[in-house]
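In this note's numbering, the protein residues as written are 35 to 416.
In structure tokens:
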């Protein structure tokens, strides 16, 4: 049953979603990705074109080309890479966004976006062996260290630095993801050192031992923000579970796999809705849901977490089956489209297709496919 659900999910992802984004979501003249698409696969202009979106699309198609030989996707990788480096790398640093006419909009360097430079350029290099990617990765790493590193640990949200900004765990989670990819691509010990520092930060600052939750929002000194510090996201608990196990392959340490298992317990106990799906947000102190809507990305992170958790195979298959069936029933739509948000009762909200979401859908499904090929006799369609 899992394998048949995966076969249709694989087709949805590769034959429909990625094919349609490749055909309609990538600008044919300039090679960049649109920020958002309407459900009829026309461009949904939103007034900005972010570095983040370009990098997530470059990552997704680069990783997809490593899984399936798709020359028609591969020819789009270097034009997209060239667009990113020529439009967003200004005065030796990355800017945040362009206007719809591709003029510069926001010149801040954003830590969250820089994480996806590392991730996407790592995978782009694996496909193309374009050495420019390695040079930009090292420049990005050095910029973070020289300009955005905080004395209290971790990185500031953006450059120029505003020390009064609320600090978040989220950019650091994605920086860990980016550095894991960078190390796996290069074996550069500089990236391994960054991985270790981010792992330590997670255990010492982000994890709240009393409530066994991963906190999101902090003051400059990493004390929990008094206004928003109670808000926690089950989806990020699951995302960290998967990342902690990826990092453990590089720096084995049971402290971090123990952390992953505790985050799993908290999120599965308090983040899963009784009628299916995953709440956007719960209260870290009371564990009651705060935001009962269900965006698509948390359920894809749950899929990834299930694949790495040391639970029995029967439970693993049961969780994967139920989750994929729920996604097919409530999120995945014909012609490669999806519902970005569900209401509490699982009815869909009317919302376009963000250019940042296919990264989540792609990695969630491909991690399950890889697990099923290795452990459940799944053959797939390619």
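Beta carbons are placed, not taken as given, at the ideal position from N, Cα and C, and that holds for glycine.
Residue burial classification, residue i (beta-carbon count within 10 angstroms, cutoff 16)
i, result
"residue 229", "buried"
"residue 261", "exposed"
"residue 199", "exposed"
"residue 312", "buried"
"residue 250", "buried"
"residue 392", "buried"
"residue 302", "buried"
"residue 272", "buried"
Residue of the options minimising C-alpha distance to residue i
i, options, result
"residue 132", "240, 126 and 81", "81"
"residue 360", "186, 373 and 349", "373"
"residue 221", "209, 156, 387 and 310", "156"
"residue 369", "128, 51, 39 and 169", "51"
"residue 117", "59, 342, 271 and 65", "65"
"residue 240", "363, 203 and 316", "203"
"residue 90", "160, 309, 151 and 326", "151"
"residue 350", "405, 44, 384 and 162", "405"
"residue 314", "378, 394, 283 and 355", "378"
"residue 126", "142, 164, 362 and 135", "142"
"residue 235", "256, 219, 53 and 123", "256"
"residue 275", "182, 394, 337 and 325", "337"
Cα-Cα separation, residue i to residue j
i, j, result
"residue 108", "residue 401", "21 Å"
"residue 398", "residue 335", "6 Å"
"residue 19", "residue 296", "Coverage of the chain is limited to positions 35 through 416, which leaves residue 19 absent and any answer about it impossible."
"residue 113", "residue 345", "43 Å"
"residue 195", "residue 306", "37 Å"
"residue 139", "residue 285", "40 Å"
"residue 403", "residue 357", "14 Å"
"residue 171", "residue 226", "14 Å"
"residue 175", "residue 278", "21 Å"
"residue 37", "residue 332", "22 Å"
"residue 389", "residue 281", "27 Å"
"residue 238", "residue 232", "10 Å"
"residue 119", "residue 342", "34 Å"
"residue 410", "residue 192", "44 Å"
"residue 104", "residue 110", "10 Å"
"residue 348", "residue 355", "11 Å"
"residue 309", "residue 382", "14 Å"
"residue 187", "residue 288", "22 Å"
"residue 320", "residue 293", "20 Å"
"residue 69", "residue 76", "11 Å"
"residue 136", "residue 83", "8 Å"
"residue 339", "residue 298", "8 Å"
"residue 365", "residue 180", "42 Å"
"residue 266", "residue 93", "27 Å"
Short Cβ contact (8 Å threshold) for residue i with residue j
i, j, result
"residue 1", "residue 217", "The requested residue 1 is not part of the displayed model; the chain covers only 35 to 416."
"residue 159", "residue 149", "no"
"residue 73", "residue 387", "yes"
"residue 396", "residue 47", "yes"
"residue 322", "residue 330", "no"
"residue 153", "residue 98", "no"
"residue 86", "residue 145", "no"
"residue 219", "residue 300", "no"
- [ ] Just list the alpha helix (DSSP H) runs in the region 218 to 293, keeping only unbroken ones of 4 residues or longer that don't cross its boundaries, in chain order.
- [x] Fully enclosed alpha helix (DSSP H) runs of 4 or longer: 223 to 235 and 268 to 282.
- [ ] With a floor of 3 residues, list each beta strand (DSSP E) that falls wholly inside the region 78 to 149, ordered by position along the chain.
- [x] List check, beta strand (DSSP E) in window: 138 to 140.
Open item on the list: So within the region 297 to 383, which uninterrupted alpha helix (DSSP H) runs reach at least 4 residues, ignoring any that extend past its ends?
Closed with: Under the rule that a run must span 4 or more residues, the alpha helix (DSSP H) segments found entirely inside the region 297 to 383 read 330 to 342 and 347 to 364.
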